[in-house]
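To start, the structure under review is shown below, and the notes come after it.
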Amino acid sequence: MPAGVEKVTKFHTHSIPLDMEDIERDYDKPIVDAGIAAKASVIVRVGMLDLGAGTGSFRVRQMMHRIAYPLGVHVRADVNLTDIEASCTDHKDRVTEVIDLPTTGVNTERIWLLEHFADWFSVNLGHSAVYHNHGVELSDKLVENLNVRDVSQLSAEASKEMRKAEKEAKTRHGDLPGDLPDDAPMQSTAAATRQERIAEIDRQREIDADDPIVKQMHHDTTSEPAATAKPGKPSKARKQREHHPPRGQYAQHFDHVGKLAPNASDPNFKPITVRQAHERLDLIEHRKPLYSAEFAGFASALACASFVFLLGGGLYDMIAAFVGAGIGHWLRRKLFAKHLNQFFVTFVAVFVAALACTGTLRLIGFYDPIALAHDTAYIGAMLFVIPGFPLITGGLDIAKIDFPSGIQRLTYALSIILMATLAGWAVARIVFLNPQGFEPQGLSPLVTGLLRFVFAFLGVWGFSVMFNSPQRMCLVAALIGSITDTLRLEFQDLLGMPPEAATFIGAFLAGILAAAWRSSVRHGWLPPHLGYPRICLTVPSIVIMVPGLYMYRAMFYLGQFDTQNALDWAFRAFMVIICLPIGLAMARVVTDKSWRYDI
């Protein structure tokens with residue numbers, strides 16, 4: 188096999204091969220000059236990485252379009268749980284690629300890095316940034332240093348340098364005629380140069396302001412105006428090449444094809460090649476997990492122990508759940524490293540976790556016999572396997588009328604839950620457990636509310652670590668989760684609100700807070716390195732609201748052939764679960780135009 192073809196096939200080990208000769212021929216060309224096959228290899232690979240990180244079909248398509256648009260390519264993609272079928276076309280050629288992943292998982296760090304890759308890719312091809320208006324240099328810094336172990340710390344240091352440069356620039360401008368107002372956002376020299384290039388290509392495009400589709404394609408979520416030429420130095424009109432955009436259904440996707448690149452005259456400008464794009468995607472794909480199996484096990488133990496307290500458990504219940512969940516998740520990480528079947532791993536990990544939890548209570552029972560009566564604690568030890576991401580993203584896909592992907596994700600989540608509950612039921616039958624709920628905690632309302640805030644924070648932090656979130660992202664998600672989950676439980680206790688309504692309000696509020704956090708970063712009110720994807724903040728913050736106790740009790744009663752109680756708990760769980768994605772979807776409709784309208 189030719190060397191170039193071998194380099195490309197490693198990116199598509201689960202795909203129907205493209206025209207590899209075309210990709211090999213264009214591998215070292217600027218990507219804007221490459222053929223449709225080489226462009227599609229980058230576009231579809233970005234979608235593959237985003238899908239493998241646990242996001243839903245809407246976000247995968249959105250990311251693929253962000254990469255395709257600067258290349259003058261239109262993408263039509265069918266996205267499911269583990270496969271993508273994408274047809275890419277420009278004004279001349281068309282190619283279809285099929286990607287089939289062997290499994291699925293969650294990796295929020297990868298989702299975050301792919302956002303920065305999309306901005307790096309777009310800006311270096313002369314287009315506006317999409318996600319990080321005040322942090323274009325931050326995307327450059329991260330994408331150019333993906334081999335660094337802790338990119339989160341790197342982003343914090345780069346953000347600090349940017350803010351320092353902005354202060355210096357603001358001070359310099361304050362000494363010049365026509366001082367800027369105090370609240371005017373400043374750019375560093377590199378950012379200003381880049382924004383000037385973006386402004387130039389925007390002028391070349393001659394966007395029709397009355398056409399909402401074209402306007403959205405060019406400006407989409409950007410709200411910051413591009414920088415203009417320096418005072419006293421009028422910009423020279425750049426001579427444009429002859430440009431004849433195509434007509435028809437997809438004309439708006441190709442309006443920039445054939446135009447002069449905005450930075451072509453820059454002597455330091457080096458266009459992105461197909462090889463460079465794949466090399467950076469290769470670094471993103473092969474990054475090792477941020478946390479060891481032991482630390483992830485500790486985070487799981489802390490999350491499940493906190494979960495037990497929020498469900499009403501006491502000290503002995505929390506200790507037992509801590510031990511069981513820690514051992515169970517540690518074992519699950521070790522087995523996943525061997526690429527074993529997910530359902531088999533889930534059953535084994537939950538079985539071991541439940542046994543470890545029960546054994547811990549038996550040991551405590553030697554010193555305090557009352558611990559032997561805590562039969563419900565083992566349910567808390569199994570909560571680390573709750574498939575929060577597919578549950579939530581499946582509901583969001585359905586909200587976007589993408590039923591194939593949504594139903595597949597919900598089916599996958601229910602299958603994982605079924606294996607976990609079967610393992611828990613098996614342990615209960617073996618050691619003769621009879622879970623009837625937790626004993627009253629006997630705390631005052633004020634103390635209960637404060638402890639709920641603390642343990643909700645710890646629980647969401649633990650789940651975020653399990654999702655491979657950087658520490659700063661974990662803390663932001665934990666802050667949102669501690670607020671929303673505490674309010675949810677207080678609404679139930681103090682106002683007598685039904686759990687379903689309280690869950691909806693909690694999920695809705697989580698979506699609003701995540702959107703507000705994101706907006707604050709985009710407007711420069713918070714440092715740019717804290718601009719995390721909303722899905723990475725909302726899902727960990729509401730996973731702790733998933734009614735795991737309801738689901739496991741439903742399976743327990745089903746195993747006892749007590750169908751009435753089994754159906755009762757199953758329907759309670761169902762009603763709470765559907766309120767989670769509905770709450771998030773409503774928050775997206777309120778805060779995001781792309782969700783507000785069906786276009």
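Here the numbering used here is used: position 512 in the sequence shown is 699, and no number is missing along the way. Idealized CB from N, CA, C, for every residue including glycine.
Who are the near neighbours of His431 in its chain, counting only those whose CB is closer than 6 Å to its CB and skipping five residues on each side? With a pLDDT of 44 at His431, under the threshold of 50, the predicted position of this residue should be treated as unreliable, and no value is reported.
Phe304 versus Thr580 - alpha carbon distance: 22 Å
Taking the beta carbon of Leu696 as the centre, do at least 16 other beta carbons fall within 10 Å, making it buried, or is it exposed? buried
Excluding the 5 residues flanking Val730 on each side, which residues of the same chain have their C-beta closer than 7 Å to its C-beta? Ile573, Gly575, Phe650
Quick check on the DSSP output: the beta strand (DSSP E) that includes Glu284 runs from which residue to which? 281-287
How would you label Trp517, buried or exposed, when you count the other beta carbons within 10 angstroms and need 16 or more for buried? buried
Can you name, in chain order, every residue of its own chain whose Cβ lies under 7 Å from the Cβ of Val663, other than the five neighbours on each side? Trp704, Leu717, Tyr719, Leu724
Does the stretch 475-486 come into contact with the stretch 512-532, if we say contact requires no fewer than three beta-carbon pairs (one atom in each stretch) closer than 8 Å? yes
Looking at the strands, I want to know which residues DSSP matches up with Glu272. Asp265, Val285
By alpha-carbon positions, which one of Leu502, Tyr256, Asn294, Arg281 ends up nearest to Gly313? Tyr256
I'd like the span of the alpha helix (DSSP H) that includes Ser651, first residue to last. 632-653
Ile765 versus Phe691, Arg462, Ala753, Tyr737, residue with shortest Cα-Cα distance: Phe691
The alpha helix (DSSP H) with Thr295 in it runs from where to where? 295-311
Would you check if the stretch 225-232 and the stretch 258-268 touch, i.e. whether three or more CB-CB distances between them fall below 8 Å? yes
In whole angstroms, what separates the C-alpha of Glu296 from that of Gln751? 43 Å
Classify Thr545 as helix, strand or coil using the three-state DSSP reduction. helix
Please go through the same chain and pick out, in chain order, the residues whose beta-carbon is closer than 6 Å to the beta-carbon of Ala774, but skip the five residues on each side of it. Phe695, Gly698, Ile699
Nearest neighbour of Leu633, chosen from Tyr744, Met606, Gln249, Thr673 [CA to CA]: Thr673
What do you reckon, are the CB atoms on Phe494 and Gly611 nearer than 8 Å? no
Looking at Met569: is its Cβ nearer than 8 Å to the Cβ of Ala507? no
Contiguous alpha helix (DSSP H) assignments of at least 4 residues, all confined to the stretch 660-720: 686-709
Buried or exposed: where does Pro627 fall if 16 or more other Cβ atoms within 10 Å of its Cβ makes it buried? exposed
Identify the continuous alpha helix (DSSP H) that holds Asn859 and give its terminal residues. The structure shown does not extend to residue 859, since the chain is modelled only from 188 to 786, so the question has no answer here.
Can you check whether the CB of Ala760 is closer than 8 Å to the CB of Tyr737? yes
Of the residues Val777, Phe642, Ile471, Asp584, which one's Cα is nearest the Cα of Cys491? Phe642
Arg616 and Gly500 - do their beta-carbons sit closer together than 8 Å? no
At a cut of 8 Å, does the stretch 236-245 reach the stretch 278-297 through at least three beta carbon pairs? yes
Is the Cβ-Cβ distance between Val532 and Phe523 less than 8 Å? yes
Straight-line Cα distance separating Ile218 from Phe308: 10 Å
If we call anything under 8 Å between Cβ atoms a contact, is Gly511 one with Ala541? yes
Give every residue of the same chain whose Cβ lies closer than 7 Å to the Cβ of Arg467, excluding the five residues on either side of it in the sequence, and list them in chain order. Phe304, Val330, Leu333
Inter-residue spacing [alpha-carbon to alpha-carbon] between Leu502 and Ile551: 11 Å
Supposed contact pair Asp680 and Leu620 - C-beta distance, whole angstroms, cut 8 Å: In fact, because the Cβ distance is near 28 Å, the residues do not count as touching under 8 Å.
Would you say Leu169 and Pro657 are within 8 Å of each other, going by their C-beta atoms? The requested residue 169 is not part of the displayed model; the chain covers only 188 to 786.
Backbone secondary structure at Thr580 - three-state DSSP: helix
Does DSSP put Pro217 in a helix, a strand or coil? strand
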